[in-house]
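These notes are about the structure you will find just below.
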Amino acid sequence: MSTNALPLRKDVPVNETWDMSLLFPTQEAFIEALEQMDKKVDAFAKEYKGKLTSSSLLTNALRDLNVIDAELSPLIHYGTLPITVDAGDEQAAINESKIYELFETVGAKLAFVDLEIGQIDPSIVAESLESYPEAKPFIAKIMRFKDHQLDQTSESLLASLHSNLFSFSQSYDATKFQDLTFESFEVDGVVYPNSYVLFENEYEFHANTDIRHKAWESFHKTLSKYQYTTANNYINQVKLEKKIATLRGFDSVIDYLLSDQQVTREAFDRQLDVIMSEFAPVMRRYVKLIQEKYDLPTLSIKDVKLSLSDDQKKISIEDAKTMLTDAFQLLGDDYVAVINRAFDERWIDFPKNTGKSTGGFCASVYDGPSYILLSWTNLMSEVLVLAHELGHAGHFQNAYKHNDAIVPEASLYFIEAPSTCNEVVMCQYLLSKTDDKAVQKGLISEFISRTYFHNMVTHLLEAYFQREVYTRIDQKEHLNAAKLNQIFKETLEKFWGPEVEISSGAELTWMRQPHYYMGLYSYTYSAGLTIGTQVGLKLLKDPDKYAKAWLEILSKNGSLDPISLAKGVDVDMTNDLALKSTIAYVNSLIDQLES
């Protein structure tokens with residue numbers, strides 16, 4: 001007897017998939033828009049390169065650049081999103097390659113913009129901004145980075161080689177979603193297929209110990225075969241980042257990657273070190289409850305994602321929509337309208353299918369849809385995932401509505417705050433709907449598991465490992481698969497202590513993270529959750545005051561630095577108090593589970 005494998009993409013219900021035709025009705029329309037963009041960029045370079053010598057020309061250039069940025073957004077998303085739901089789609093792969101070619105073309109031809117603006121007389125820039133004040137955040141970003149700019153030839157060359165230099169992420173995805181095939185495993189006469197999606201969305205949480213452990217063995221047996229290829233790929237990514245950091249005048253690759261986020265090294269280190277020292281003991285308490293519930297003689301890393309909830313009822317997509325629109329009424333009609341549009345206009349891709357990316361994300365198009373990828377499980381944990389991704393949608397729908405396309409996105413340090421805030425609001429809403437203590441405990445356990453375990457444990461472990469890797473690269477230390485395995489295992493041992501056995505295969509967990517190809521992204525989940533928790537609790541305590549303040553902050557996009565964005569809702573991220581308050585909040589939730 002065998003369980004069903006995942007369906008092919010062509011066999012999933014179309015009404016549960018996202019609708020790319022909202023961007024371009026046909027492939028032909030997409031190709032035509034690509035060709036027009038190429039001409040528009042050529043015309044822009046011809047019009048302005050070497051000529052930004054007056055405020056009027058600069059203003060015109062900025063306005064024209066804004067149009068280019070706005071029109072690039074749907075092109076980029078149409079060309080790159082379909083491959084994430086079906087890695088075997090040949091047309092999607094072709095379109096993705098066209099977008100990478102476009103990146104190179106646009107980057108090389110427009111490299112002069114930042115360089116010339118950085119060298120213009122400040123009085124000309126100031127006069128231009130009087131005519132076009134919406135471009136102030138764009139200019140401010142150029143000025144922050146101008147001392148690290150290379151000459152125009154070098155910048156153009158780097159831009160033209162971008163897709164070749166930064167191809168490691170594509171190689172990682174190809175290995176992960178196309179090369180890796182996992183052996184099936186058998187439990188009690190039933191044969192179970194295995195895959196990235198099945199393991200990370202189902203088997204890791206499976207209540208049957210034999211299924212959970214055999215899935216682990218099958219999964220990590222395959223990972224181990226690709227550890228050297230994956231390590232080589234990742235190490236080359238890190239070495240490239242180090243070389244670019246050095247080229248741009250940074251002593252440390254970490255400082256280089258933080259510079260774009262407008263975050264200090266002190267804030268980065270504080271986030272990692274406080275969580276490791278003060279949140280780890282809290283989560284050891286949590287997993288001890290798992291051991292007790294399942295009567296496990298030994299608690300291993302294979303078991304820490306088990307649910308403490310007995311309520312595994314199925315939740316339909318329609319029921320999830322009702323819950324979400326009700327929960328976020330406190331943020332007003334416009335915010336709820338975004339949620340309704342996401343469902344009604346098919347912004348969300350729900351199905352689990354072969355070749356689909358794992359996890360979830362939200363990608364927002366300027367003046368267009370916010371596309372959300374999920375692998376819907378019909379469980380409460382997935383409702384929290386959807387609330388999280390809709391937080392990103394609500395953020396960028398608001399930000400794009402109030403800012404020109406030329407305005408940079410908010411810092412990565414802040415990006416996860418709107419999404420994690422939504423998880424806090426959603427869970428507290430669900431708790432308010434029942435007086436049943438057992439149900440409440442189940443919801444709290446799902447909340448801790450999905451929100452805090454995922455964002456402040458899983459991503460913290462990634463970030464802690466990542467910092468060590470970058471530190472060793474800064475020190476010119478040789479790295480290989482064995483050392484990466486050692487670093488990750490030691491990170492796990494430090495976090496979990498003697499309470500959790502670190503099973504064979506756990507050292508390969510670094511192989512599962514796409515975040516390592518996105519700079520210093522992993523740590524920002526805990527930073528965002530720190531802000532998000534504090535804002536979520538403020539919204540619930542005083543919705544009239546903080547709903548308005550929060551929506552105002554969400555409208556700012558990158559016009560403010562992340563510390564100022566947090567300050568706008570009375571959250572101080574210049575010290576560790578907000579983080580420690582968040583840890584204390586989780587501790588109080590565990591108190592409720594233990595009562």
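Read left to right, the sequence shown gives residues 1 to 595 (the UniProt record's numbering).
Virtual Cβ for every residue (Gly too), placed ideally from N, Cα, C.
Asked, Found
"Looking at E200 and T458, is the spacing between their C-beta atoms short of 8 Å?", "no"
"When the distance is taken between beta carbons, is E278 closer than 8 Å to K494?", "no"
"Going by C-alpha to C-alpha distance, which of Y523, L520, A417 and D474 sits closest to G568?", "A417"
"Would L390 and L324 qualify as a contact pair, given that the criterion is a beta-carbon distance under 8 Å?", "yes"
"Do the CB positions of D421 and V535 come within less than 8 Å of each other?", "Contrary to the premise, residue 421 reads as Cys rather than Asp in this sequence. Closer than 8 Å, so yes."
"Can you tell me whether DSSP reads I372 as helix, strand or coil?", "strand"
"Under DSSP, the beta strand (DSSP E) around E183 begins and ends at which residues?", "F182 to V187"
"Select from V187, A174, D64 and S309 the residue whose C-alpha is nearest the C-alpha of K46.", "D64"
"Taking the CB atoms as reference points, tell me whether H402 and S555 lie closer together than 8 Å.", "yes"
"Ordered along the chain, which non-local residues of its own chain (more than five positions away) have a Cβ less than 7 Å from that of L52?", "L58, A61, E116, I117 and I120"
"Hey, could you find the ends of the alpha helix (DSSP H) residue 633 is sitting in?", "Given that the chain is displayed from residue 1 to residue 595, the structure contains no residue 633 and the question cannot be resolved."
"Between which two residues does the alpha helix (DSSP H) harbouring A393 extend?", "M380 to H402"
"Excluding the five sequence neighbours on either side, which residues of its own chain have a C-beta within less than 6 Å of the C-beta of D349, listed in chain order?", "T17, W18, V85 and L373"
"Out of Y196, N194 and L308, state which residue places its alpha-carbon closest to the alpha-carbon of E292.", "L308"
"Helix, strand or coil for I415, going by three-state DSSP, please let me know.", "helix"
"Within 10 angstroms of its Cβ, does E202 collect 16 or more other Cβ (buried), or is it exposed?", "buried"
"Does the segment 213-230 come into contact with the segment 455-473, if we say contact requires no fewer than three beta-carbon pairs (one atom in each stretch) closer than 8 Å?", "no"
"Looking at the structure shown, is A111 part of a helix, part of a strand, or coil, going by DSSP?", "helix"
"For the candidate residues F177, T471 and G368, whose alpha-carbon lies nearest to that of S21?", "G368"
"Can you have a look at G50 and say buried or exposed, based on whether 16 or more other CB atoms are within 10 angstroms of its CB?", "exposed"
"Would you call the segment 404-412 and the segment 467-474 touching, i.e. three or more CB-CB distances under 8 Å?", "no"
"Looking at C-beta atoms only, is the number of pairs between the segment 379-386 and the segment 35-45 that lie closer than 8 Å three or more?", "no"
"Might you give, ordered along the chain, the residues of its own chain that have their beta carbon closer than 7 Å to the beta carbon of F205, omitting 5 neighbours on each side?", "K305, L306 and S307"
"So which of I553, S218, Y286 and K242 has the shortest CA-CA distance to D570?", "I553"
"How is E409 classed by DSSP in three states: helix, strand or coil?", "coil"
"Across the segment 164-181 and the segment 209-217, are there enough close Cβ pairs to call them in contact, namely three or more that are closer than 8 Å?", "no"
"In the DSSP output, which residue or residues are listed as bridge partners for C362?", "I372"
"Under three-state DSSP, which class holds D349?", "strand"
"Out of E71, F168, L81 and A566, which one is the CA nearest neighbour of K356?", "L81"
"Between the C-alpha atoms of P7 and F103, what's the straight-line distance to the nearest angstrom?", "33 Å"
"Is it the case that the Cβ atoms of I99 and L129 are separated by a distance below 8 Å?", "no"
"Does the distance from the C-beta atom of C362 to that of A393 stay below 8 Å?", "yes"
"Does the segment 484-494 touch the segment 504-518, meaning 3 or more C-beta pairs lie closer than 8 Å?", "yes"
"Is the beta carbon of I590 closer than 8 Å to that of R285?", "yes"
"So the candidates are Q428, G532 and V365; which of them puts its Cα closest to the Cα of A399?", "V365"
"Would you kindly work out how many angstroms separate the C-alpha atoms of Q451 and I275, rounded to a whole number?", "Just to set this straight, residue 451 is Thr in the shown sequence, not Gln. The alpha-carbon atoms of T451 and I275 are separated by roughly 15 Å."
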